[in-house]
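Per the numbering used here, residue 1 is the first one in the first sequence, and the count goes up by one each step.
By construction, the Cβ of each residue, glycine as well, lies at the ideal position given by its N, Cα and C atoms.
Just below is one structure, and these are the notes that go with it.
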Amino acid sequence: MEPLGAEFFLKSTHLLARDLLGKVLVQGDVGGRVIEVEAYQGPSDRAAHSYGGRRTRRTEVMFGPPGTAYVYLIYGMYTCLNVVSAEAGSPEAVLIRALEPIFGVEKMASRRLAKGPLASGPGRLTQALGITLSFNRHRLWCPPLYLADDGYVLEASRVAQGPRIGVAYAKEAAGFPWRYWIQSHPLVSKG
DNA sequence: GTATGGATCCTT
DNA sequence: AGGATCCATACG
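What follows is the structure in structure tokens.
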């Protein structure tokens with residue numbers, strides 16, 4: 001499967017979030033379809049790490065070019081994968097929240113110690129794909145970790161939208177309907 | 001320098 | 001319902 005080109009990522013954060021649904025995330029010999037994402041709209045979004053334009057060692061990657069991976073450690077034991085979006089200098093990103101496993105499923109299972117969904121949930125999918133902090137700043141059109149289009153067509157009417165998960169602390173931003181998923185897909189993560 | 005809590009997941 | 005586990009961030 002061919003990687004999407006760098007130009008695929010150059011669009012608004014919400015358009016990219018929508019367009020990532022249905023694409024395939026590949027890591028080496030393992031891959032799955034993106035079925036759930038969340039948009040983090042930078043300085044104006046209280047739930048975003050870059051809220052208020054905060055520019056630190058951790059958030060620096062969000063200021064980089066679109067299509068760059070932003071991988072960070074959460075709760076001391078899991079990682080989350082984001083796709084940097086918008087033009088360079090605009091610190092926005094799309095969090096990948098769930099995948100439908102497509103190939104290399106046995107290998108994914110072997111990386112997941114616990115019972116439970118293989119790749120539904122941001123921490124679970126990075127574990128299943130072996131995405132560690134070393135992939136931070138990786139360009140997502142370069143193997144081994146890249147996004148691809150396998151011809152799957154997602155009708156606009158099948159895209160559902162609602163509040164993001166785990167951002168109750170973010171005051172007014174907590175209710176923004178910036179989580180997108182494939183309607184009625186059984187492997188979308190639970191809030 | 002210390003304190004706090006998180007874009008989560010697992011087990012009881 | 002609570003614990004794991006540790007770094008980024010805020011504050012002094």
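- Secondary structure of S184 (DSSP, three-state): coil.
- The beta-bridge partner set that DSSP reports for S85 consists of E92.
- In the DSSP assignment, Y70 forms a beta bridge with N82.
- By the C-beta criterion, the region 123-139 is judged not to be in contact with the region 8-18, since fewer than 3 inter-stretch pairs fall below 8 angstroms.
- For a cut-off of 8 angstroms, the C-beta gap from L125 to I96 is around 7 angstroms, short enough to register as a contact.
- Between the region 166-177 and the region 45-56 there are three or more inter-stretch CB-CB distances shorter than 8 angstroms, so the stretches are counted as touching.
- In the DSSP assignment, L25 falls within the unbroken beta strand (DSSP E) covering V24 to Q27.
- Counting only residues of its own chain and dropping the five nearest sequence neighbours on each side, E2 has a CB closer than 7 angstroms to the CB of A148.
- Here L99 is bridged, per DSSP, to V34.
- Between the region 103-117 and the region 74-92, the count of Cβ pairs shorter than 8 angstroms is below three; the stretches do not touch.
- Taking all protein chains shown into account, E92 has 16 or more neighbouring C-beta atoms within 10 Å of its C-beta and is therefore buried.
- The closest CA to that of E36, considering only M108, A119 and R137, is found on A119.
- When the beta-carbon positions are compared, A98 and S189 come within less than 8 angstroms of each other.
- Just measuring C-alpha positions, the residue of P186, G116, L187 and A173 sitting nearest A39 is A173.
- The alpha-carbon of Q127 is positioned some 6 angstroms away from that of R112.
- Assignment of beta-bridge partners to Y40 by DSSP yields A93.
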